[in-house]
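Offset between the sequence shown (1-based) and my numbering: plus 1396. Cβ coordinates follow ideal geometry from the N, Cα and C atoms, glycine included. Computed from a prediction, not measured in an experiment: that's the story for all the values here. To keep things clear, I will list the structure first and then write my remarks on it.
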Amino acid sequence: MICLWDSQNSWDFSKPREPCGPEPAEAWAALGLSRPPPEAGPTLHRARREVPPCLPPRVSLPPVLSRRCVHSKASVLGDPAPRGRPQEVEILDAKTREKLCFLDKVEPHATIAEIKNLFTKTHPQWYPARQSLRLDPKGKSLKDEDVLQKLPVGTTATLYFRDLGAQISWVTVFLTEYAGPLFIYLLFYFRVPFIYGHKYDFTSSRHTVVHLACICHSFHYIKRLLETLFVHRFSHGTMPLRNIFKNCTYYWGFAAWMAYYINHPLYTPPTYGAQQVKLALAIFVICQLGNFSIHMALRDLRPAGSKTRKIPYPTKNPFTWLFLLVSCPNYTYEVGSWIGFAIMTQCLPVALFSLVGFTQMTIWAKGKHRSYLKEFRDYPPLRMPIIPFLL
């Protein structure tokens, strides 16, 4: 929008004005008229009134008026800023709208991760892992790989900051979660003092299933520790520190509860004896192998150091064929392992642990299933989140 005139310099064309003088032939020709003869008095008078009066000389606008009236396309329509030009980035608090930081001359190809690093220089208490930058105070967090010039912002980008709280790496969380149950279970298995009474200190159980249960339980958590170190590739590097206390309470608490009853001196073996134990052991071993196979297949889908997401498909490994029916077969095999362990020990705390774990893994599986459907249009429609044909 460009203002050509203001009220003080306006001209009133409603009042009759005297012509500027003899009109040139070009002016009459522009009006589609020919110069009338001298004797055509009334016609001449009427034609003269139709000729526009002389316009005033062109006046340049004052600088202040120009800046007020002329708007750029980016500021009015919200179009992205021109590419190749440095941009300005202001970061506001998402709750109070207080300006926290102003970054000048940011390269348009800068990523959100680089902007977080610049923000950390002015606010060291908020390291990049704690930051959540958004285009809207209540919107979703921008990804670290998002590029500034591809965002719907103008020459001055406004981002809103939220503090995610103290963070801890996923590797540390998993190692803490899984090392605890392994150590706690062995304390009960070896019957250290003050657990079952002095007369049972350091004594071993006479039931074979107790020793077998200890082997299976230890194998499961040793496998998890090794997978954390050498197999898993995490899409997010950190998680809130508060989560480690919740997760450790769940894993450590259930491990102590299960171990207390399975290794108790008065523990009784399963009702159907060796046959029940062998069947449950077969279920446990098959599901453990299946779980490991799925983790390896998922690992191969994501190159090291990247966050690439692809549709998982079955491989030559028969354990991965469950991908034909479910989106998260690793959870399916995990639940199956604990069901086998519950049948083997015939212990109520193990059954409750399996039920709680199944509930939580179902929530995770449904979330991942929805994410797959949203991200990939050609996602196989036959798959269910965790249980084939049911759930």
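In this structure, the straight-line span from the alpha carbon of leucine 1531 to that of leucine 1778 is close to 36 Å. Taking all protein chains shown into account, alanine 1676 has 16 or more neighbouring C-beta atoms within 10 Å of its C-beta and is therefore buried.
Assigned with DSSP and collapsed to three states, serine 1723 falls in coil, not helix or strand.
Taking C-alpha positions only, proline 1577 is separated from leucine 1571 by approximately 11 Å. It is roughly 12 Å from the alpha-carbon of asparagine 1643 to the alpha-carbon of methionine 1635. Sorting Gln1756, Thr1728, Tyr1768 and Ala1747 by C-alpha distance to the C-alpha of proline 1784 places Thr1728 at the top.
As the crow flies, the alpha-carbon of glutamate 1730 is around 48 Å from that of lysine 1495.
Under a 10 Å Cβ-count criterion, leucine 1697 is classified as exposed, with fewer than 16 other Cβ atoms of the shown protein chains found around its own Cβ. In chain order, Cys1610 and Ser1614 place their CB closer than 8 Å to the CB of leucine 1582, counting only its own chain and leaving out the 5 sequence neighbours on each side.
Annotated three-state conformation of aspartate 1696 is helix, per DSSP.
Per the C-alpha coordinates, the member of Thr1704, Met1740 and Trp1648 positioned closest to phenylalanine 1680 is Met1740. In the three-state DSSP reduction, proline 1520 falls in the coil class, being neither helix nor strand. Leaving aside the five residues that flank tyrosine 1709 on each side, the residues in its chain whose CB is nearer than 7 Å to its CB run, in chain order, Phe1719.
Secondary structure note for glutamine 1527: its beta strand (DSSP E) is the uninterrupted segment 1527-1530. Taking 7 Å as the cut-off, the beta carbon of arginine 1620 is found closer than this to the beta carbon of tyrosine 1574. In this structure, phenylalanine 1737 and cysteine 1612 form a Cβ contact; the two beta carbons are roughly 6 Å apart against a cut-off of 8 Å. Scanning its chain for C-beta atoms nearer than 8 Å, with the 5 sequence neighbours on each side dropped, one finds around methionine 1780 the residues Leu1721, Val1722, Ser1723, His1765, Leu1786 and Leu1787, in chain order. If the five residues before and after leucine 1751 are omitted, its C-beta is found closer than 8 Å to no C-beta atom of its own chain.
Distance from the CA of arginine 1602 to the CA of methionine 1654, rounded to the nearest whole angstrom, comes to 18 Å.
A buried status is given to isoleucine 1658, since no fewer than 16 other beta-carbon atoms sit within 10 Å of its beta-carbon.
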